[in-house]
Every structure is written in structure tokens, then in C-alpha cells.
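These protein sequences, in sequence, are chains A and B.
As numbered in the numbering used here, residues 751 to 964 make up the first sequence, in order.
As numbered in the numbering used here, residues 751 to 964 make up the second sequence, in order.
There are 2 protein chains.
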Amino acid sequence: MTKIFDFISSPNKRKLLYLLQAHRFTFNKDSSLQSFVKNENILGIITKGYVQIIKVDANDNRTIIEELFEEDIFGTNMSSLKNKDYDLITKEDTEIIFIDYDKIINNEDNNKAFYVQFQKNLIEILTEKIREKNERIEIITQKTIRNKLLEYFNIASKKNNSKFVYISSTFTDLADYLAIDRSAMSRELKNLKEEGLIEIKGKKIILLYNDKWI
Amino acid sequence: MTKIFDFISSPNKRKLLYLLQAHRFTFNKDSSLQSFVKNENILGIITKGYVQIIKVDANDNRTIIEELFEEDIFGTNMSSLKNKDYDLITKEDTEIIFIDYDKIINNEDNNKAFYVQFQKNLIEILTEKIREKNERIEIITQKTIRNKLLEYFNIASKKNNSKFVYISSTFTDLADYLAIDRSAMSRELKNLKEEGLIEIKGKKIILLYNDKWI
DNA sequence: AATATATTGTTGCAATTGCAACGTTTTAAA
DNA sequence: TTTAAAACGTTGCAATTGCAACAATATATT
């Protein structure tokens, strides 16, 4: 997975951040960054911590749009963050570098090798983000909870080339990701277990239905 | 909306395409490009025509992942097109320029101004694609058909700053986009009409519930 | 270690939804 | 212009789902 500063040396990284007039900020856990990024057109780079981009709809339902860990990036542009329905919430103490998006696009000093490298890394990361979002769309366009789960399992097992699927956080979060009711998901997982298609050991799910792994 | 050759003159465009060893191909309507792009790592630029990226699942359900018109781009990288479940289908006679993705990322001649401009355009387009995908995710994460429709209407009306929402293709395609059954959508649209929330005139939907427009 | 908080499993029930099957209308092709 | 194909509207019905509520674990905090 490409990171935003890959192939850029520490001295060049400093020069780059100076060139782009980057600013570093720190936030306590459970802070909202909405007022901070509102009306701005910025690229953020998480240097430490964990942040969620969420959407709160009229009924107060919160959808996790994206999760951001160390070295992840986000853009007010790409996440509709200028919209008031969106918010950035730090789930841990977090450090973020902010860069004015226009500085990236319209930099005059753009012939520097590290600047070109930065743009390349950005392209790679954006491409990867699109791939991830396509993946989620594939999954949640499935019509039944069962098919959503199976699609999710298939993608995850292909990724790791294994019949084991590990739930990275909680089943509650998984239900969120799949855009289904948690209890209904729990019920369907039980069905899949009873039909002998899967086995669940804590956060590890074992796929028993795929010929490839039997 | 940024296009891939924005701010690049025709002569420079020619130079750029030569530099990137681009190849132009033409395809008849209703062709599958799967075998063509399989195992490749390419960026495609539609110069003429209309193409759909679709996914066919185990039950033969087809999901439209993306629609591509003139000057749109696609990448085997970002669309999991290397996966056999995905396909590119031309819906009209189509002309496509193919560029080896690695040539874009690892070009040695990368200090040329038009090359930098190309990368900037690419970043803008990718950013826009992410925004679009986030939008669709917001919509289809809604739990009921009614809420999916209303969310779709809200986003569309905000975009055009108007109480009119125009269905660009067909209601069948809209149901696809929203990942719901067409007849069930039809039923819910009828309910919305009967409750006086909307009015439908052909492909034009009039929103009657939003204070902003009344 | 004790307490508070979050996660998980479960289930009844009402509401929503997909599906299938029509006939009708519109659009495209021959 | 005639014919074929696609899109649309409708509805009964069975299946799926969300919701609410609760107890039981597990995790985090003091």
C-alpha cells in the first residue's frame, strides 16, 4: 500500500512541506474537526492517531464513510466535508498535517523531483481509495444480508488468499460497513453457522463452503 | 468538471501521448473489453462513445459500477478490472486511448510542463470520482427505499440548486444505481406521489417537500 | 478489584422488500 | 411502417429485514 511520503527522504519531506506551506495540528480524542475544515479546500495527512469520516443524516443515523489511520490522507474535496452533514471525528489523540489543496495543484515550483514523487504517491493512493469504494459498493449492492456477508467474505478471503477472515474491529462496525442492522446480521451469521457454511471463533471467521480451501 | 487534457494544447497532447506510448483502439457497440484489459495495468481514456463497467456476480446479477462518457477515464487498477467478475461493455461505438499505467507513474521525462499538467488533471478527476462514490455509498447505506430515494433527491437537488430532479437515463437504471428492485421502487415512488411529496412528469421529478423550494 | 461502558446474542413482531407475473406503453430496429 | 425489444406500472405473496427490548459477555476505566 502506497504511503504519501514513500520514496521521499526526510530532508526532502521537510522541504516539500515547507514548499506546500503545510501546518501541523494536534487534536484530543473524540474531537470534531468539522468547524476546522469547513469551507476549506484542504488535503489532510494523519501522522498519528485514528479518525473517522462520518455522515449524520436527518434521522441522526451515522454512517462511517471512511476510516483514517496513520499516514492516511483525506480531502475536503473528495469527502464532501464542506457539507455540514459530514464530520471528522478523532477516535484517538491525533496529529494531522494540513495542506491547502490549491498549493498541490497549482504549485509553481513543481519541477522538483520530490514534488513529482508526491504527486505520484497521491495518484496511487487515490486509485487505491477508488478501488476500496468500488469494493464496498459491490458488497452493499447485494440484495440480501446473506449475499452481502458472502460477498464480503469472498473479497476478504481473496485478498488474504486464505479461508480465514478476520474482523478488524467489532461486529457492530462490520454491520455498519455492510449497511445492515446488527441484530439481523447476527441472525444471518447464526444461520450460516447452522448450515455449516462458516465457523466463528471470536473475531476469526472460517469459510467452509469454498472449494478452493477445502 | 476537470477533463484529462484540460490546459494541454493539441501539439502537447500529441507529444504527451507519444511520450506515454499511448495506443488508440475502436470498438463496436456492445463489445466486451474484458479480454482486452485483462491482466493489464492500464489507464483508458474514452475519446468517443459510451462504456459501462459492470460486475456480474455468481447469481448473474449485473451491477453497474461506473458509467463512462467522452473524455472519462478508467483504470484496471481502480476498478478491479483484472478480476474476471468485472467487465467493460461498450454501449455505443467507442474509441479508447490506452496508456500503460506504469508509464504514467514512472516516466523519466516527467519534468515537462504538459506532463505535470496531465498528472494534476488526473488527481482532480480521481478526487471527483471518490466524491461520486462517497455519494452513492451515502445513498445506498440508507435502510429503506424511501430514504434512498429521498437522499438521492436531496443530493441531486443540491447539485442543481433546484427542486427539479432529472432522471438521466431510465428508471430501471436508477433502481440499479440505488441497488433496489425496480418494481419496489416504482411502488414507493407512487406512495411519495400519493402523499404529495413529489410529482413525476416523464423523466422530471418535482420535489414538493423541501421548504427551500416552496 | 470494582464499576461503568460497550459489544454481543437472541427473539417476537410489524414493516419493508424482492420476486414473479402480468398487461401496457414507449423506444428502437428491421 | 411494421415488428421487435426495452421500459414501465401494478399487485399478491412469501421472505427478509429493521426495530425494540433484554440478558449475557466482554472491554475499558477508575
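The beta-carbon is built from N, C-alpha and C at its ideal position, and this holds for glycine as well.
Please read all numbers here as calculations on a predicted model, not as lab measurements.
Sub-8 Å separation of residue i and residue j beta-carbons
{"i": "residue 757 of chain B", "j": "residue 794 of chain B", "result": "no"}
{"i": "residue 762 of chain A", "j": "residue 864 of chain A", "result": "yes"}
{"i": "residue 911 of chain A", "j": "residue 843 of chain A", "result": "no"}
{"i": "residue 784 of chain A", "j": "residue 837 of chain A", "result": "yes"}
{"i": "residue 956 of chain A", "j": "residue 914 of chain A", "result": "yes"}
{"i": "residue 922 of chain B", "j": "residue 932 of chain B", "result": "yes"}
{"i": "residue 806 of chain A", "j": "residue 840 of chain A", "result": "no"}
{"i": "residue 880 of chain B", "j": "residue 883 of chain A", "result": "yes"}
{"i": "residue 754 of chain B", "j": "residue 821 of chain B", "result": "yes"}
{"i": "residue 887 of chain A", "j": "residue 928 of chain A", "result": "no"}
{"i": "residue 816 of chain A", "j": "residue 803 of chain A", "result": "yes"}
Cα-Cα separation, residue i to residue j
{"i": "residue 930 of chain A", "j": "residue 870 of chain B", "result": "38 Å"}
{"i": "residue 964 of chain B", "j": "residue 958 of chain B", "result": "Confidence at residue 964 of chain B is low in this model, with a pLDDT of 47, below 50, so its placement is unreliable and no value can be given for it."}
{"i": "residue 872 of chain A", "j": "residue 939 of chain A", "result": "38 Å"}
{"i": "residue 858 of chain B", "j": "residue 868 of chain A", "result": "15 Å"}
{"i": "residue 853 of chain B", "j": "residue 766 of chain B", "result": "11 Å"}
{"i": "residue 874 of chain A", "j": "residue 877 of chain B", "result": "12 Å"}
{"i": "residue 918 of chain A", "j": "residue 953 of chain A", "result": "8 Å"}
{"i": "residue 752 of chain A", "j": "residue 926 of chain A", "result": "26 Å"}
{"i": "residue 846 of chain A", "j": "residue 898 of chain A", "result": "34 Å"}
{"i": "residue 759 of chain B", "j": "residue 934 of chain B", "result": "49 Å"}
{"i": "residue 764 of chain B", "j": "residue 774 of chain B", "result": "12 Å"}
{"i": "residue 786 of chain B", "j": "residue 819 of chain B", "result": "19 Å"}
{"i": "residue 861 of chain A", "j": "residue 780 of chain A", "result": "40 Å"}
{"i": "residue 909 of chain A", "j": "residue 916 of chain A", "result": "12 Å"}
{"i": "residue 782 of chain A", "j": "residue 834 of chain B", "result": "42 Å"}
{"i": "residue 798 of chain A", "j": "residue 941 of chain A", "result": "40 Å"}
{"i": "residue 768 of chain B", "j": "residue 924 of chain A", "result": "47 Å"}
{"i": "residue 893 of chain A", "j": "residue 856 of chain A", "result": "44 Å"}
{"i": "residue 826 of chain B", "j": "residue 891 of chain B", "result": "26 Å"}
{"i": "residue 788 of chain A", "j": "residue 866 of chain B", "result": "29 Å"}
{"i": "residue 851 of chain A", "j": "residue 920 of chain A", "result": "34 Å"}
{"i": "residue 944 of chain B", "j": "residue 960 of chain B", "result": "16 Å"}
{"i": "residue 776 of chain B", "j": "residue 776 of chain A", "result": "52 Å"}
{"i": "residue 885 of chain A", "j": "residue 885 of chain B", "result": "15 Å"}
Check: residue i C-beta below 7 Å from any heavy atom of the ligand FAD
{"i": "residue 947 of chain A", "result": "With respect to the ligand FAD, the structure offers nothing, as it holds no ligand at all."}
Write down every uninterrupted run of the beta strand (DSSP E) in the stretch 866-899 of chain A whose length is 3 residues or greater and which is fully enclosed by it, in chain order.
none
Are three or more beta carbon pairs between the stretch 902-917 of chain A and the stretch 898-908 of chain B nearer than 8 Å?
no
Given 8 Å as the limit, is there contact between the stretch 940-958 of chain A and the stretch 827-835 of chain B, that is, 3 or more CB pairs closer than that?
no
Residue ranges of each beta strand (DSSP E) run of no fewer than 3 residues wholly in the stretch 770-801 of chain A, ordered along the chain?
773-777 and 792-798
Report the residues of the stretch 815-848 of chain B with a CB closer than 7 Å to any CB of chain A, ordered along the chain.
815, 825, 827, 828, 829 and 830
Could you run through the stretch 858-871 of chain A and flag, in chain order, every residue whose CB is less than 8 Å away from some CB of chain B?
860, 861, 866, 869 and 870
Can you check the stretch 917-960 of chain B for any alpha helix (DSSP H) of at least 4 residues that lies completely inside it and give the ranges in chain order?
921-928 and 932-944
Members of the stretch 884-896 of chain A near chain B, C-beta cut-off 8 Å:
884, 885, 886, 887, 888, 890, 891, 892 and 893
Report the residues of the stretch 931-949 of chain A with a CB closer than 9 Å to any CB of chain B, ordered along the chain.
931
Taking any Cβ of chain A, which residues in the stretch 756-770 of chain B have a Cβ under 8 Å from it, in chain order?
none
Ignoring anything shorter than 4 residues or poking outside the stretch 808-855 of chain A, list the alpha helix (DSSP H) runs there in chain order.
851-855
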